[in-house]
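One structure is given here, and the rest of the page talks about it.
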Amino acid sequence: MTFGIAQYTNLTQEQNNWINDLSVELKTFFENRNYGEDLKQLYFGLITVKPEFDQFFKKKRPRYRPGERTSYVDGIEIKSNNCVEIDCKIEFSQVSNLKKDELIEKVCNEILTESDSLTRLSKLKKFDFESYMSDLKNYLIDKKYTK
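Just so you know, the sequence shown maps onto residues 1033 to 1179 in the numbering used here.
Structure below.
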């Protein structure tokens, strides 16, 4: 399964790098795992913007795009295959001054919480949610990202 965290933030470059490193780690962890044919790609959009930009970055409901699809954004071709996109929104004031360990824990807990929405996507039938959540939780605990 392909896994990724897209960032829409006003955090510092250093904080963005920490989250990007987490995304790369999780991508590597999940790349050889299979939780069913209905979910091949899982992306989390992390929204952490200053209050003055909040109106432009609303949290959207989770989206499931079944089958292979090709779309174009700004002239760039984007291909997806049985893809879910989930938004995670964390108030900027809660994380803007956090150190690395605290920020990563906050992001990981938000991903765990928002992962529950996978059970509410009615078209996502052939997907082993329990195995996915177990693997994710155990990995985050083993890496000491969450408690």
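Even glycine gets a Cβ: it sits at the ideal position worked out from N, Cα and C.
To the nearest angstrom, how far is the alpha carbon of TYR1171 from that of CYS1140? 11 angstroms
Cβ-Cβ separation, ASP1160 to GLY982 (assumed contact under 8 angstroms), whole Å: The structure shown does not extend to residue 982, since the chain is modelled only from 1033 to 1179, so the question has no answer here.
What span of residues does the beta strand (DSSP E) with ASP1119 cover, start to end? 1108-1121
Note down, in chain order, each residue of its chain lying with its Cβ closer than 6 angstroms to the Cβ of GLU1117, except the 5 sequence neighbours on either side. TYR1075, ARG1095
Output the distance between the C-alpha atoms of THR1102 and GLU1109, rounded to the nearest integer angstrom. 7 angstroms
Nearest-angstrom beta carbon gap, ILE1079 and CYS1120 [assumed within contact, 8 angstroms]: 7 angstroms
Given that a residue counts as buried once 16 or more other Cβ atoms are within 10 Å of its Cβ, and exposed if not, what is GLN1126? exposed
Out of GLU1137, PHE1124, GLY1077, which one is the CA nearest neighbour of LYS1091? GLY1077
Can you find at least 3 beta carbon pairs, one from the stretch 1145-1155 and one from the stretch 1052-1061, that sit closer than 8 angstroms? no
Same chain only: Cβ atoms within 7 angstroms of LYS1082, ignoring 5 sequence neighbours per side: ASN1042, PHE1124
Per DSSP, which one or two residues make a beta bridge with GLU1100? ASN1113
Can you tell me where the beta strand (DSSP E) with LEU1153 in it begins and where it stops? Element bounds for LEU1153: n/a, residue is neither H nor E.
Would you kindly work out how many angstroms separate the C-alpha atoms of GLN1047 and LYS1131, rounded to a whole number? 8 angstroms
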